[in-house]
Ligand SMILES: [Zn+2]
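Numbering (the working numbering), first residue to last: 9 to 288.
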């Protein structure tokens, strides 16, 4: 615990490199970007240093990944960082393997160290930003992150609980090819001025249809508990970013076909997608 409390003190925050300062300064003060920037990074020159929040099952990874492709910045999921380190001979791989084998949680210190390293590599490669997925999860992690980099925007993806439960219960995976599908047809009526939500199922092709399996932990009880735990943990974090004027709440209006154009619209990226599509 000693190490943990030490990290939360502002004095120790300065020990994390402020990796993205130069980039943020360039973009937020509207100086001209360096002429070496390609057209693609030009799109993202508005400081894409974003965090995606959202409860399990909301589709956070999907939207973060789509946006990262559109903006030409990496989609950094902390789960991937851990898996990557484990499969490498990096300095933390032995320690990590030990933690994971014992079924323990990977500490904030290790995650932030992997993340710092990843951002540093990105900076040397000339990446113009990032979209973080899966980090931070707590205020403490958000405070540490503030010491490492400047986050410009936090997108909080939301769906009503009923839709989330139905969506999670509809998840299926093909036990042959490993692809994910969803058999739920969600059709929630709008009420009290709130619009309804409908999401079409993601049906498997014929060759997978007979091989669908349900994850053992996708039961209503487990899903509800997962959502309860998430909401308890995320509310203070959302407030942390709300108080800094960085939180963008986005109520998903439906599945990807309905939500993607709306999301681009609120992020002022709809024209950029048209440009990109036109020149692709
Ligand atoms: Zn299959």
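All C-beta atoms, glycine included, are put in the ideal place defined by N, C-alpha and C.
Can residue 58 and residue 139 be called in contact, C-beta distance under 7 Å?
Cβ atoms of residue 58 and residue 139: closer than 7 Å.
Taking the Cβ atom as the reference point for each residue, do residue 209 and residue 222 lie within a distance shorter than 7 Å?
Their beta carbons are not under 7 Å apart, which means residue 209 does not touch residue 222 by this criterion.
Bridge partners - residue 83, DSSP secondary structure assignment:
In DSSP, residue 83 forms a bridge with 139.
Kindly indicate the opening and closing residues of the beta strand (DSSP E) around residue 56.
Element bounds for residue 56: 56-62.
Scan the region 164-189 and note each continuous alpha helix (DSSP H) run of 4 residues or more that stays entirely inside, going in chain order.
Qualifying alpha helix (DSSP H) stretches, in chain order: 169-177.
Is the closest heavy atom of ligand 1 to the C-beta of residue 184 under 6 Å?
Yes, the beta carbon of residue 184 sits closer than 6 Å to at least one heavy atom of ligand 1.
Let me know the secondary structure DSSP gives residue 210 once reduced to three states.
Three-state result, residue 210: strand.
Sequence-distant residues of its chain with Cβ nearer than 6 Å to residue 178 (five each side left out)
These residues qualify, in order along the chain: 190, 191 and 192.
Per DSSP, the bridge partner or partners of residue 220
Residue pairing by DSSP places residue 220 opposite 182 in a beta bridge.
With three or more C-beta pairs closer than 8 Å as the rule, is the region 158-168 touching the region 89-103?
Segments in contact, no.
Assign residue 56 to one of two classes, buried (16 or more other C-beta atoms within 10 Å of its C-beta) or exposed (fewer than that).
It is buried - the Cβ of residue 56 has at least 16 other Cβ atoms within 10 Å.
Length of the line joining the Cα atoms of residue 70 and residue 266
Rounded to the nearest angstrom, the two C-alpha atoms are 14 Å apart.
As assigned by DSSP and simplified to three states, the class of residue 274:
It is helical.
Mind the definition here: the region 228-243 touches the region 113-131 only if three or more C-beta pairs lie below 8 Å; say whether that holds.
Counting Cβ pairs under 8 Å, fewer than three are found: no touch.
Can you name, in chain order, every residue of its own chain whose Cβ lies under 8 Å from the Cβ of residue 145, other than the five neighbours on each side?
Correct list, in chain order: 241, 242 and 245.
How should residue 180 be labelled, buried or exposed, when 16 other C-beta atoms within 10 angstroms of its C-beta is the threshold for buried?
Its Cβ being crowded by 16 or more others within 10 Å, residue 180 is buried.
Buried or exposed, going by whether 16 or more other CB atoms sit within 10 Å of the CB of residue 72?
Its Cβ being crowded by 16 or more others within 10 Å, residue 72 is buried.
Where residue 257 falls: helix, strand or coil (DSSP)
Correct three-state label for residue 257: strand.
Provide the residue span of the beta strand (DSSP E) that contains residue 195, from first to last.
For residue 195, the enclosing beta strand (DSSP E) stretches over residues 194-196.
Inspect the beta-carbon positions of residue 217 and residue 196 and report whether they are closer than 7 Å.
In this structure, residue 217 sits away from residue 196, with a CB-CB distance that is not shorter than 7 Å.
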